[in-house]
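Undergrad: What follows is a single structure, and I will ask about it in a moment.
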Amino acid sequence: MSGAESVGVGRADGSADRTPVPDADVCVVGAGPAGALIADRLAGDHKVVVLDAGPRFDPADRLARQERAIRPFYDRPDVWGVGGVRDAHENAGDRFYPLNHARVKGVGGSTLHWQGMVMRLHEDDFNSGTARGIGPDWPIDYADLRPYYAEAERELGVAGASDNPYAPPREEPHPMPAFEPSYSDSLFAEACESLGIDMHSVPNARNSEPYDDRSPCVGYGTCQPVCPSGAKYDATVHVERAEEQGATVLDRAPVQRLDHDGDDRVTAAAYATPDGKTHRQEADAFVVAAGGVETPRLLLLSASDRYPDGLANGSGHVGEFFMDHLFAGAGGRLDEPTRQNHVGFYTSGCDQFYDAADETQAPFKLEFLNYAGPSPVESALSGDDWGDSLLERLRDGYGTHVAMGGLVEQLPRADSRITLADDRTDDHGNPVPRVEWTVGERALDTIERANEIQVEILEALGADVEWVAGPDATGPAYHHMGTTRMSDDPDRGVVDAECQTHDLTNCWIASSSVFPTSGAMNPTLTIAALALRVADAVDDRLSEA
Amino acid sequence: MNLGLPKLSMKLTRRDAAAALAALGATGGVALGVRRETDAEGVGEADTARDGEGLPEDETVQTVMTAVAEAVYPEAISGIDAFVDGFLAGRLDGSSHDEGIRAAVADVESAARSWYGAPVAGLPPGERDDVLRELGADTAEENPQGTTAERVRYYVVNELLLALYASPTGGELVGIENPQGYAGGAESYRQGPP
Ligand SMILES: Cc1cc2nc3c(=O)[nH]c(=O)nc-3n(C[C@H](O)[C@H](O)[C@H](O)COP(=O)(O)OP(=O)(O)OC[C@H]3O[C@@H](n4cnc5c(N)ncnc54)[C@H](O)[C@@H]3O)c2cc1C
Ligand code: SF4
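Note that the protein sequences, when read in sequence, are chains L and Y.
Going by this note's numbering, 278 is the number at position 198 of the first sequence; the sequence numbering is gapless.
Going by this note's numbering, 88 is the number at position 83 of the second sequence; the sequence numbering is gapless.
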């Protein structure tokens with residue numbers, strides 16, 4: 081069916097069987113990349129059930145969703161049906177946090193919307209306290225995760241190259257060759273060379289050649305929020321694989337709470353279904369993989385007489401230390417064509433300044449964008465002109481833009497956090513998440529530092545700098561981290577180094593919520609590596625039993 | 006600023022119509038599938054709606070959309086007739102979008118008849134432009150469930166602009182031969198200006 085408003089009409093899933101699976105070994109909450117990778121890993125040997133709050137999206141709707149991405153009537157959250165009472169939330173911090181722009185609920189999770197940039201964290205990111213003199217160290221090191229990073233790159237399908245002298249050590253090439261630099265990268269290259277600034281390729285979870293029976297990138301240019309070709313990895317890949325091996329994946333089955341017994345074991349996930357019923361999925365092991373906001377919320381919603389402050393919350397830290405990466409950017413126009421908006425991803429970056437981080441300067445990375453300025457087709461649909469005057473406007477507006485982006489680390493702070501709202505409830509009567517997002521001086525100062533370099537590069541390029549996204553205009557990159565922090569010490573963290581909750585003997589968390597610090601690299605490759613590691617831990621435990 | 010943009014004379018081709026359709030998720034094949042399914046259920050929902058509410062037939066929709074396209078496309082564009090026909094062949098697929106197009110087309114047609122005493126296609130281009138502006142489609146923001154102006158903007162004006170500017174020829178007019186929505190390959194972003 082064509083037309084952006086036809087999305088979803090083809091689905092007939094009201095009658096799907098959503099009753100619990102008897103004798104399940106593992107129950108995974110959330111079918112984003114973390115949950116999907118674990119389900120896929122375990123489904124061969126164990127009976128696995130995955131419960132997801134959102135729907136199963138019809139692949140046939142992807143072009144209609146793309147139309148939503150382009151047409152001005154639809155807001156970004158409309159593309160994947162985010163919003164409404166189900167996704168209500170409150171903001172209470174210094175800074176507004178646009179939560180529903182920052183996630184997707186449904187089979188595939190937020191990777192349906194994501195950009196697909198997949199970097200490894202740097203070695204020092206795991207030892208911020210020791211190496212940079214600020215923030216906690218992780219209880220694991222880069223070396224612990226290194227083999228899992230390589231596996232995660234194979235699972236997601238990463239196109240990358242080894243030309244980045246600042247990247248942490250790797251043992252083997254990426255599974256696919258990197259995307260070649262863009263035309264605008266070549267313009268930037270001259271400016272960077274004159275300034276002694278290095279450019280290098282960036283790893284993309286996007287096919288540069290056919291991979292895993294998925295198409296190579298065909299240049300639709302709407303990667304974020306939707307890739308119609310399937311070239312961009314999303315977690316439906318692993319959901320499908322898990323199902324092929326016998327896993328059961330229930331959509332529109334939001335878990336309301338986790339139940340436990342008197343021996344610190346989770347016994348069941350109580351979930352709602354569209355027919356208004358509530359079911360209980362029992363299992364031997366539970367993995368919570370509901371993203372960095374819903375994971376702490378579910379633990380808080382599961383408070384009981386035994387755990388009055390919420391499940392797995394003996395430390396009192398569930399929900400605290402909410403972090404995101406901060407965007408730093410600048411852009412302008414040249415007096416020559418720059419060929420933007422052909423594709424929706426970027427192909428070159430600069431990690432040269434990353435490891436200069438210390439107590440006062442956060443790690444940050446720089447990005448050379450391929451989608452600066454307006455996309456003509458989007459501009460064509462708003463405005464009160466058409467015919468020749470519209471074409472003139474489009475020609476004036478397109479063609480010479482350049483822009484740089486960048487991500488900056490923010491430190492964990494107890495006053496940046498997810499709690500439960502006092503009065504407001506969702507469609508099932510549960511308190512909605514309240515986001516208090518607070519950012520400290522180190523991050524704000526570092527944004528300024530990143531801006532200085534960006535402006536210097538743009539000026540060397542001969543650009544007329546038109547905008548700078550500095551400390552006042554910064555926003556989040558939609559990476560939810562820190563809210564169930566990992567620590568060896570049960571007083572200081574929610575999960576241990578294996579991502580098992582300190583308080584419960586059969587419950588793990590797979591999410592960026594376990595990151596003690598955030599680094600400045602997009603989180604999902606690390607989420608995937610940790611998820612594969614959790615799968616090993618759960619497998620070991622189930623095999624012991 | 007001279008960006009070496011193409012001279013303003015471009016012919017839309019079958020490839021453009023196919024590209025626009027491919028971008029927007031409709032093909033003749035899909036449309037057929039949908040109609041058959043509807044027939045098989047014996048209800049023919051879309052058809053009933055069309056007959057019952059007197060929504061315009063395919064031919065009228067094509068005529069009106071082509072006439073509007075001649076007003077909202079740049080003057081230098083040719084080949085509009087075949088482009089619009091090809092594009093609509095995929096969009097008139099029995100979906101709710103199909104119905105929305107027909108209803109908005111009916112609104113445009115009836116405005117033309119009552120205000121200018123002739124069908125849209127019978128009006129000179131300047132007056133077609135007037136009909137659209139008097140309907141409010143120029144200042145309205147598109148909305149598939151909105152007022153007449155907002156629906157005309159969504160289903161008629163923006164429908165046509167989307168088809169044009171998501172096609173390679175429409176993109177080329179602006180200087181981007183691989184516009185968003187068009188699967189123009191993963192090479193063009195690397196190439197310098199022609
Ligand atoms: C616009 C955008 C761009 C991004 N770009 C990048 C990028 O370039 N690189 C990168 O590394 N990251 C990026 N991200 C972040 C990336 O999408 C996330 O890090 C990743 O998807 C997190 O995976 P996850 O499995 O932990 O959670 P999610 O993908 O969020 O999945 C969680 C799932 O849990 C389900 N769930 C929630 N609560 C419940 C419940 N109570 N019961 C049952 N199910 C529940 C949800 O429905 C959802 O499907 C981007 C995100 C956005 C929004
Ligand atoms: S440009 Fe983006 S949306 Fe288009 S095919 Fe490539 S990955 Fe998918």
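Built from N, CA and C at the ideal position, the CB exists for glycine as well.
Can you list, in chain order, the residues of the stretch 390 to 422 of chain L whose Cβ is nearer than 7 Å to any Cβ on chain C?
TA: Absent from the structure is chain C; the protein chains it does hold are L and Y.
Undergrad: Could you work out which residues of chain L lie near P79 of chain Y, taking near to mean beta carbons separated by less than 7 Å?
TA: Per Cβ cutoff of 7 Å: G467, D468, L471.
Undergrad: Identify which residue in L:W588, L:P334, L:P152 has its Cα closest to the Cα of H508 of chain L.
TA: Nearest of L:W588, L:P334, L:P152 to H508 of chain L, Cα basis: L:P334.
Undergrad: Determine whether the beta carbon atoms of V108 of chain L and I118 of chain L lie at a separation below 9 Å.
TA: A contact, by the Cβ cut-off of 9 Å.
Undergrad: Could you give the uninterrupted runs of the beta strand (DSSP E) lying entirely in the stretch 344 to 370 of chain L, keeping only those of 3 residues or more?
TA: Complete beta strand (DSSP E) runs here, min 3: 346 to 352, 358 to 362, 365 to 368.
Undergrad: In angstroms with no decimal places, state the Cα-to-Cα distance between P113 of chain L and E233 of chain L.
TA: Each residue's alpha carbon lies about 13 Å from the other.
Undergrad: Return yes when the Cβ of M484 of chain L is within less than 9 Å of the Cβ of E447 of chain L, no when it is not.
TA: A contact, by the Cβ cut-off of 9 Å.
Undergrad: Jot down the residue ranges of each uninterrupted alpha helix (DSSP H) in the stretch 88 to 164 of chain Y, minimum 4 residues, whole runs only, in chain order.
TA: For the stretch 88 to 164 of chain Y, whole alpha helix (DSSP H) runs of length 4 or above, ordered along the chain, are 101 to 121, 130 to 140, 153 to 157.
Undergrad: Rounded to a whole number of angstroms, what is the C-alpha to C-alpha distance between G196 of chain L and E260 of chain L?
TA: Going from the Cα of G196 of chain L to the Cα of E260 of chain L covers about 16 Å.
Undergrad: Does the count of Cβ pairs from the stretch 398 to 415 of chain L and the stretch 371 to 388 of chain L closer than 8 Å reach three?
TA: Touching, per the Cβ criterion.
Undergrad: For F153 of chain L, which residues in chain Y fall below 8 Å Cβ to Cβ?
TA: Within 8 Å Cβ-Cβ: E146, E147, N148, P149, Y159.
Undergrad: Please state whether DSSP places C70 of chain L in a helix, a strand or coil.
TA: This structure leaves residue 70 of chain L out entirely; chain L is present only between 81 and 625.
Undergrad: Exposed or buried, what is S83 of chain Y when buried is set at 16 or more other beta-carbons lying within 10 Å of its beta-carbon?
TA: So S83 of chain Y ends up on the exposed side.
Undergrad: Should G372 of chain L be labelled buried (16 or more other beta-carbon atoms within 10 Å of its own) or exposed?
TA: With 16 or more Cβ atoms within 10 Å of its Cβ, G372 of chain L is classed as buried.
Undergrad: Just verifying my parser: in three-state terms, what is the DSSP assignment at E170 of chain L?
TA: Residue state, collapsed to three classes: strand.
Undergrad: Output the distance between the C-alpha atoms of G237 of chain L and T347 of chain L, rounded to the nearest integer angstrom.
TA: Each residue's Cα considered, the two are about 35 Å apart.
Undergrad: Please determine whether the Cβ atom of P201 of chain Y lies at a distance below 8 Å from any heavy atom of ligand 2.
TA: This structure cannot settle anything about residue 201 of chain Y, because the visible part of chain Y is limited to 6 through 199.
Undergrad: Could one say the Cβ of Q196 of chain Y lies closer than 9 Å to chain L's Cβ atoms, at least one of them?
TA: Yes - at least one Cβ of chain L is within 9 Å of the one on Q196 of chain Y.
Undergrad: Could you tell me the alpha carbon to alpha carbon distance between A45 of chain Y and L97 of chain Y, rounded to whole angstroms?
TA: Any reading at A45 of chain Y needs caution, since the residue's pLDDT is 33, under 50, leaving its predicted position unreliable; the model's value is listed next. The alpha-carbon atoms of A45 of chain Y and L97 of chain Y are separated by roughly 19 Å.
Undergrad: With DSSP as the reference, please indicate the residues paired to V488 of chain L in a beta bridge.
TA: V488 of chain L is bridged to L:L406, L:F444.
Undergrad: Distance check for E546 of chain L and N148 of chain Y, CA to CA, integer angstroms please.
TA: Roughly 32 Å separates the two Cα atoms.
Undergrad: Considering only residues of the same chain and omitting the five flanking positions on each side of G542 of chain L, which have a CB-CB separation below 7 Å?
TA: Cβ neighbours of G542 of chain L beyond the five flanking positions: L414.
Undergrad: My assumption, with CB atoms under 8 Å, is that A57 of chain L sits in contact with E147 of chain L. Please give the rounded CB distance.
TA: No statement about residue 57 of chain L is possible, as the shown extent of chain L runs from 81 to 625 and does not include it.
Undergrad: According to a CB-to-CB cut-off of less than 7 Å, which residues of the stretch 444 to 456 of chain L neighbour chain Y?
TA: Taking 7 Å as the Cβ-Cβ cut-off against chain Y, the residues of the stretch 444 to 456 of chain L that qualify are N450, S455, P456.
Undergrad: Ignore the nearest five residues each way along the sequence and tell me which others in V35 of chain Y's own chain have a CB closer than 8 Å to its CB.
TA: At V35 of chain Y, the pLDDT of 31 sits below 50, so the modelled position is not reliable and the matter cannot be decided from this model.
Undergrad: Does the distance between the C-beta of S264 of chain L and the nearest non-hydrogen atom of ligand 2 fall short of 8 Å?
TA: Every heavy atom of ligand 2 is 8 Å or more from the Cβ of S264 of chain L, so no.
Undergrad: Which of the three DSSP states, helix, strand or coil, is assigned to T99 of chain L?
TA: In this structure, T99 of chain L counts as coil in the three-state DSSP scheme.
Undergrad: One question on the structure: do D389 of chain L and T585 of chain L come within less than 9 Å of each other, judged by their Cβ atoms?
TA: Not a contact, by the Cβ cut-off of 9 Å.
Undergrad: Flag Q361 of chain L as yes if its beta-carbon sits less than 9 Å from any beta-carbon of chain Y, otherwise no.
TA: Taking Cβ atoms only, chain Y never reaches closer than 9 Å to Q361 of chain L, which makes this a no.
Undergrad: If I measure Cβ to Cβ from L69 of chain L and keep anything under 6 Å in the same chain, skipping five residues before and after, which residues do I get?
TA: Coverage of chain L is limited to positions 81 through 625, which leaves residue 69 of chain L absent and any answer about it impossible.
Undergrad: In chain Y, what lies closer than 9 Å to Q304 of chain L by C-beta?
TA: What Q304 of chain L touches in chain Y: nothing, since even the nearest Cβ is about 11 Å away.
Undergrad: Say the cut is 8 Å; is the CB of R309 of chain L nearer than that to a heavy atom of ligand 2?
TA: The sequence shown places Ser at residue 309 of chain L, rather than the Arg named in the question. For ligand 2, at least one heavy atom lies less than 8 Å from the Cβ of S309 of chain L.
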